[in-house]
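Worksheet: the structure to be examined is printed underneath.
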Amino acid sequence: MSPENLASAATRRLADKRAGPAPDAIPGAPGMSDVMAAAARIRGLADATPLVPAALSDRLGVELLLKLELCQPTGAFKLRGAVNAVAQVEGPGVVCCSTGNHGRAVAFAARQRGLRAVVCLSELVPQAKVEGIRAQGAEVHLAGRSQDEAQVEATRLAEAEGLIEIPPFDNAHVIAGQGTIGLELLSARPDLEALIIPLSGGGLAAGIALAAKAIKPGIRIIGVSMDRGAAMAEALAAGHPVYVTEVASLADSLGGGIGLQNALSYPLCAALLDEVVLVSEAEIYRAMQAVFHAERLVAEGGSVVGIAALLAGKLKLTGPAATVLTGRNVDMAQFKRVINGEPVTLGALELEGQHHEP
1 MSPENLASAA TRRLADKRAG PAPDAIPGAP GMSDVMAAAA RIRGLADATP LVPAALSDRL
61 GVELLLKLEL CQPTGAFKLR GAVNAVAQVE GPGVVCCSTG NHGRAVAFAA RQRGLRAVVC
121 LSELVPQAKV EGIRAQGAEV HLAGRSQDEA QVEATRLAEA EGLIEIPPFD NAHVIAGQGT
181 IGLELLSARP DLEALIIPLS GGGLAAGIAL AAKAIKPGIR IIGVSMDRGA AMAEALAAGH
241 PVYVTEVASL ADSLGGGIGL QNALSYPLCA ALLDEVVLVS EAEIYRAMQA VFHAERLVAE
301 GGSVVGIAAL LAGKLKLTGP AATVLTGRNV DMAQFKRVIN GEPVTLGALE LEGQHHEP
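Residue 1 is where the sequence shown starts when you use the UniProt record's numbering, and the numbers rise one by one after that.
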């Protein structure tokens with residue numbers, strides 16, 4: 001299925017809310033009270049990131065605001081869910097599976113509490129993220145070349161060593177923590193008409209949508225992912241979680257499966273999202289350049305997929321909108337190639353260089 005057809009299929013299924021349970025009917029799913037409790041729990045440690053006007057607004061023809069989660073102490077939004085989850089752990093330590101940013105966040109949160117942290121990663125995770133996790137004092141286990149293989153190792157360690165597993169997205173505490181972004185967005189700008197959210201395992205999108213729609217039911221929630229290996233988009237189109245082969249991507253933080261037994265983030269996304277948009281690697285490349293040159297920000301490819309969709313004309317907005325710049329933990333060598341307009345190799349894909357055009 002082409003990326004365009006996949007996005008359309010996912011969006012069509014999202015339009016039929018009769019196809020799945022309502023958010024409050026999903027067993028074990030967090031509610032607005034959990035998001036409010038998370039906001040109190042993470043206060044002063046992982047909250048209150050800036051919300052700023054985008055310099056790109058005039059070019060895009062719509063008022064766009066940027067939620068700068070890349071200003072978090074660990075460089076990414078994942079700290080919110082990790083702090084909320086680790087704060088509720090009783091045990092000798094924690095273990096998680098991650099594409100990088102969740103592992104760094106769990107390591108940071110565990111260190112604050114004096115707990116042991118073990119992070120399981122696939123071999124596709126950029127070295128910069130591996131080093132960032134180790135710098136937080138965590139033990140790193142590399143396992144296979146997919147998120148699913150790393151997950152198997154995390155589950156094994158939890159059972160063998162009595163560690164408490166902190167899932168990266170399919171967990172009520174994690175989703176509630178990410179939902180605090182939705183609270184902050186609508187507290188600052190109640191007039192927002194749309195939220196454009198990077199879409200991967202769905203913890204971020206589910207949490208923000210849960211909070212935002214509780215406050216403003218008519219707000220439009222748009223999930224955006226890369227057009228190769230988009231696990232949540234594939235699941236939403238199919239009507240159930242599916243296995244998706246991982247590929248190297250500029251949006252590496254959006255890679256990985258959502259788990260065939262996904263119990264929370266998938267059904268919440270199915271119930272709460274309004275639209276799915278997919279963007280190409282070339283579009284992500286140009287968006288990384290635009291954010292660097294226009295906004296003066298270093299942002300991961302996974303952070304800028306919303307801006308990529310807008311620049312490519314794949315989203316039509318009529319009123320104020322916000323997107324979340326989710327992280328800054330780039331592979332600096334690769335990032336410099338993008339900014340300088342040089343070619344980039346992504347596994348079997350050779351991405352042509354292209355100089356930034358203001």
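Ideal Cβ positions, reconstructed from N, Cα and C, are used throughout, including at glycine.
- In the DSSP assignment, Cys120 is bridged to Cys97 and His141.
- Contact annotation: Gly93 and Arg111 have beta-carbon atoms that are not nearer than 8 Å.
- With the rule of 3 Cβ pairs closer than 8 Å, the region 50 to 65 counts as touching the region 177 to 193.
- The bridge partners DSSP lists for Val277 are Val224.
- Annotated as proximal: Leu66 and Glu295, with beta-carbon spacing under 8 Å.
- Per DSSP, Pro73 is not a residue of any alpha helix (DSSP H), being assigned neither H nor E.
- Taking a cut-off of 8 Å on C-beta distances, the region 286 to 303 touches the region 61 to 75, as three or more cross pairs fall below it.
- At the C-beta level, Gly179 and Ala211 come within 8 Å of one another.
- Annotation for Val83: Ile42, Leu45, Ala46 and Ala109 place their beta carbon closer than 6 Å to its own, counting only its chain and skipping 5 residues before and after.
- Counting along the chain, the unbroken alpha helix (DSSP H) around Ile215 starts and ends at Gly203 to Ile215.
- By the CB criterion at 8 Å, Leu268 and Ala206 fall inside the cutoff.
- Note that the C-beta distance between Leu68 and Asn171 is not below 8 Å.
- Straight through space, the alpha carbons of Ala290 and Arg80 are spaced by roughly 27 Å.
- Per DSSP, reduced to three states, the secondary structure at Glu90 is coil, with no helix or strand assignment.
- With respect to the 8 Å criterion, Leu124 and Ala248 are classified as neighbours on the basis of their beta carbons.
- One thing to note: Val338 has its Cβ no nearer than 8 Å to the Cβ of Val277.
- Gly341 and His355 have their alpha carbons spaced roughly 4 Å apart.
- By alpha-carbon distance to Ala348, the top candidate from Asp16, Gln261 and Glu246 is Glu246.
- One thing to note: Pro167 has its Cβ no nearer than 8 Å to the Cβ of Leu254.
- Going by DSSP, Leu51 is part of the beta strand (DSSP E) stretching over Leu51 to Pro53.
- A distance below 8 Å separates the beta carbons of Ala38 and Gly177.
- Per DSSP, Leu311 is one residue of the alpha helix (DSSP H) stretching across Val305 to Leu311.
- Within its own chain, the residues whose Cβ lies closer than 6 Å to the Cβ of Leu310, once the five positions on either side in sequence are excluded, are Leu60, listed in chain order.
- Sequence-distant partners of Ser57 (beyond 5 residues in either direction) whose C-beta falls short of 7 Å from its own C-beta, in its chain, are Glu63 and Leu64.
- The Cβ neighbour count for Asp191, taken over all protein chains shown within 10 Å, is under 16; the residue is labelled exposed.
- Cβ-Cβ separation between Val118 and Val95: approximately 4 Å, consistent with a contact (criterion under 8 Å).
- Its Cα nearest to that of Val106, the residue Val174 stands out among Tyr285, Ala270, Val174 and Ile181.
- Boundaries for Leu250: no beta strand (DSSP E) harbours it, and the DSSP string shows neither H nor E there.
- Under the DSSP assignment, Thr318 falls outside any alpha helix (DSSP H); it carries neither an H nor an E label.
- Taking 8 Å as the cut-off, the beta carbon of Val152 is found no closer than this to the beta carbon of Met226.
- Secondary structure of Glu193 (DSSP, three-state): coil.
- Nearest in C-alpha terms to Ser98, of all of Leu6, Val89 and Lys129, is Lys129.
- Around the beta-carbon of Gly202, 16 or more other beta-carbon atoms lie within 10 Å, marking it buried.
- For Val344, the uninterrupted beta strand (DSSP E) segment begins and ends at Val344 to Leu346.
- Restricting attention to Ala15, Val35, Arg134 and Leu204, the CA atom closest to the CA of Asp274 is found in Ala15.
- Straight-line measurement puts the Cα of Arg189 at about 15 Å from the Cα of Ala209.
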